[in-house]
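Chemist:
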Amino acid sequence: MLARLRAFSVHLSISILIALAAMVIVFYIWYPAPLSIAAGVTKIFLLVLVVDVALGPLLTFVVYKKGKKSLKMDLTIIALLQFGALSYGLHTVAEGRPVWLVFAADRFDLVRVADLDLRYADKVKPEYRAPSWMGPRWVAALPPEDAQENSDITVEAVFSGLDLQHRPYLYQPLAMAEKAIQKRALPLSKLTEFNASAEVDTILKRWPSADAWLPLQANIQPMVVLINQKTATVVAVVDLFPWAYLNPNMPDQ
24 MLARLRAFSV
34 HLSISILIAL
44 AAMVIVFYIW
54 YPAPLSIAAG
64 VTKIFLLVLV
74 VDVALGPLLT
84 FVVYKKGKKS
94 LKMDLTIIAL
104 LQFGALSYGL
114 HTVAEGRPVW
124 LVFAADRFDL
134 VRVADLDLRY
144 ADKVKPEYRA
154 PSWMGPRWVA
164 ALPPEDAQEN
174 SDITVEAVFS
184 GLDLQHRPYL
194 YQPLAMAEKA
204 IQKRALPLSK
214 LTEFNASAEV
224 DTILKRWPSA
234 DAWLPLQANI
244 QPMVVLINQK
254 TATVVAVVDL
264 FPWAYLNPNM
274 PDQ
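Numbering-wise (our numbering), the sequence shown opens with residue 24 and increments by one.
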């Protein structure tokens, strides 16, 4: 029993260290806060980690017996199963990671790897061809000048959901949308229509350079992008509601 507990402890320690490394990658690089909430990855990935961390050491505890002839084979199989489960979980999370935060029309959109329209790859500028592994980047998606192409995108967006923000060949530096951002920017006072005043005040104190905002559409929880309207630059993404109907705690719900 003592040998089993020792083997269990060693395996558990190694599993925890690997899990911590995976969490750093996921929550500090791929999904920097608060985008992990916006993309809905937190519960899913933590569940994967908990199962993976617990299952391997438990199986080691069950099969471990000093002097057992098949012990090396048993432990190898357990390690491979555990590695495979973690790899699958990381692959799934990587495919759903936000790679672009795209300004299009009147808001920002969180665009994941799985959301990208990979057609017309030959028309994509080199800097927008490869999704980043080091966190999402800010860009603008500008509508094409050709009226027919613009109309085709509008129709396709209705039926397939592929809109401007999903098409890397339309990406431009965020500075190219400076005037549109300034025009569409909303006053900070409007945030109190959708969120508790105390919560808004607390967050805004952390970002004194922000004087306006725009919505951030995301697949799970839309949020707010704080901006400096004068320079049309992004200050921060914050966990506030950009529309009243999203907040169940508002009086008018």
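Glycine is no exception: its CB is placed at the ideal position from the N, C-alpha and C atoms.
(1) Taking the beta carbon of residue 255 as the centre, do at least 16 other beta carbons fall within 10 Å, making it buried, or is it exposed?
(2) Am I right that residue 227 and residue 131 are in contact with their C-beta atoms under 8 Å? What's the rounded C-beta distance?
(3) Evaluate the contact criterion for the stretch 143-161 versus the stretch 204-224: three or more CB pairs, one atom per stretch, below 8 Å.
(4) Along the alpha helix (DSSP H) that carries residue 173, what are the first and last residues, could you check?
(5) Do you know how far the Cα of residue 30 is from the Cα of residue 82?
(6) Identify, in the order they occur along the chain, each residue of the same chain with its Cβ nearer than 6 Å to the Cβ of residue 50, setting aside the five sequence neighbours on each side.
(7) In its own chain, which residues sit with a C-beta less than 7 Å from the C-beta of residue 149, not counting the 5 before and 5 after it?
(8) Under the rule that 16 or more other beta-carbon atoms within 10 Å means buried, what is residue 189, buried or exposed?
(9) For residue 264, count neighbouring C-beta atoms within 10 Å of its own C-beta (all shown protein chains included) and say buried if the count is 16 or more, exposed if not.
(10) Alpha carbon to alpha carbon, how far is residue 276 from residue 267?
(11) Per DSSP, what kind of secondary structure is residue 129 in: helix, strand or coil?
(12) Return yes when the Cβ of residue 211 is within less than 9 Å of the Cβ of residue 233, no when it is not.
Modeler: The relevant details are as follows:
(1) Locating residue 255 in the sequence shown gives position 232, where the first residue counts as 1. Using a 10 angstroms sphere on the CB of residue 255, the tally of other CB atoms reaches 16 or more, which defines it as buried.
(2) Along the sequence shown, one-based indexing puts residue 227 at 204. Along the sequence shown, one-based indexing puts residue 131 at 108. About 18 Å; that fails the 8 Å criterion.
(3) Judged by Cβ distances under 8 Å, the stretch 143-161 makes no contact with the stretch 204-224, as fewer than three pairs qualify.
(4) For the purposes of this step, residue 173 is identified with residue 150 of the sequence shown, where counting begins at 1. 170-183 is the span of the alpha helix (DSSP H), which, as asked, contains residue 173.
(5) As a working mapping, residue 82 is identified with position 59 in the sequence shown. As a working mapping, residue 30 is identified with position 7 in the sequence shown. Going by the C-alpha atoms only, they are around 10 Å apart.
(6) Working through the sequence shown from its first residue, we reach residue 50 at position 27. Excluding sequence neighbours, residue 50 sits near 59.
(7) Indexing the sequence shown from 1 puts residue 149 at position 126. Here the set comprises nothing.
(8) To locate residue 189, count along the sequence shown from 1; it is residue 166. The C-beta of residue 189 has 16 or more other C-beta atoms within 10 Å across all chains shown, which makes the residue buried.
(9) Here the question's residue 264 lines up with position 241 in the sequence shown. It counts as buried.
(10) Walking along the sequence shown from the start, residue 276 turns up at place 253. Walking along the sequence shown from the start, residue 267 turns up at place 244. Its pLDDT being 43, under 50, residue 276 is placed unreliably in this model, and the coordinates cannot settle the point.
(11) Locating residue 129 in the sequence shown gives position 106, counting from the first residue. Residue 129: coil per DSSP, three-state reduction.
(12) Looking up residue 233 in the sequence shown gives position 210. Looking up residue 211 in the sequence shown gives position 188. Yes.
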